[in-house]
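A.B. asks: Sharing a structure here in structure tokens format.
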Amino acid sequence: MTGVWVYLLQCRDGSLYCGWTSDLERRLAAHRSGRGSRYTASRLPVSLALAQPMADRSAARREEARIKRLSRGEKLALVAAGPTAV
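Residues in the sequence shown are numbered consecutively from 1194, following the working numbering.
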């Protein structure tokens, strides 16, 4: 996949992890192998809950920061309403 993405992962313990990337498939593979982040490595397996294409890296970082400020309920509503890729 090309472009820039903001994504939410659902971890084994039910928690949600938010990040951004310019290569969604590579980043998901890294998370699933335990190399994506310290947070997800300890909560494997992970599944893609949401992926949103963004215009550019700056927009992706802003959206990631906005999503991280949301409550868990708001994040789950975003997942229920949003498009998912891959």
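For each residue, glycine too, the CB sits at the ideal point set by N, CA and C. No experiment lies behind these values; they were computed from the predicted model shown.
Please identify the residue among K1268, S1240, V1272 and T1214 whose C-alpha is closest to the C-alpha of G1196.
C.D. replies: Out of K1268, S1240, V1272 and T1214, T1214 has the C-alpha closest to the C-alpha of G1196.
A.B. asks: From what residue to what residue does the alpha helix (DSSP H) around A1270 run?
C.D. replies: Counting along the chain, the alpha helix (DSSP H) containing A1270 begins and ends at R1265 to A1274.
A.B. asks: Any beta carbon from chain D within less than 9 Å of L1221's own beta carbon?
C.D. replies: The chain labelled as chain D is not found in the depicted structure, where only one protein chain is given.
A.B. asks: Once DSSP output is grouped into helix, strand and coil, what is the label at A1242?
C.D. replies: Note: A1242 maps to strand in three-state DSSP.
A.B. asks: How many Å lie between E1218 and L1263 at the Cα?
C.D. replies: Roughly 25 Å separates the two Cα atoms.
A.B. asks: So, for K1261: in the same chain, excluding its five sequence neighbours on each side, which residues have a beta-carbon less than 6 Å away from its beta-carbon?
C.D. replies: Excluding positions up to five away in sequence, the list reads C1211.
A.B. asks: Compute the Euclidean distance between the alpha carbons of S1235 and G1227, then round it to the nearest angstrom.
C.D. replies: So the two alpha carbons sit approximately 8 Å from each other.
A.B. asks: Would you grab the beta carbon distance between V1272 and L1243 for me? Rounded to a whole angstrom, and I think it's under 8 Å.
C.D. replies: Sure, about 5 Å apart at Cβ, within 8 Å.
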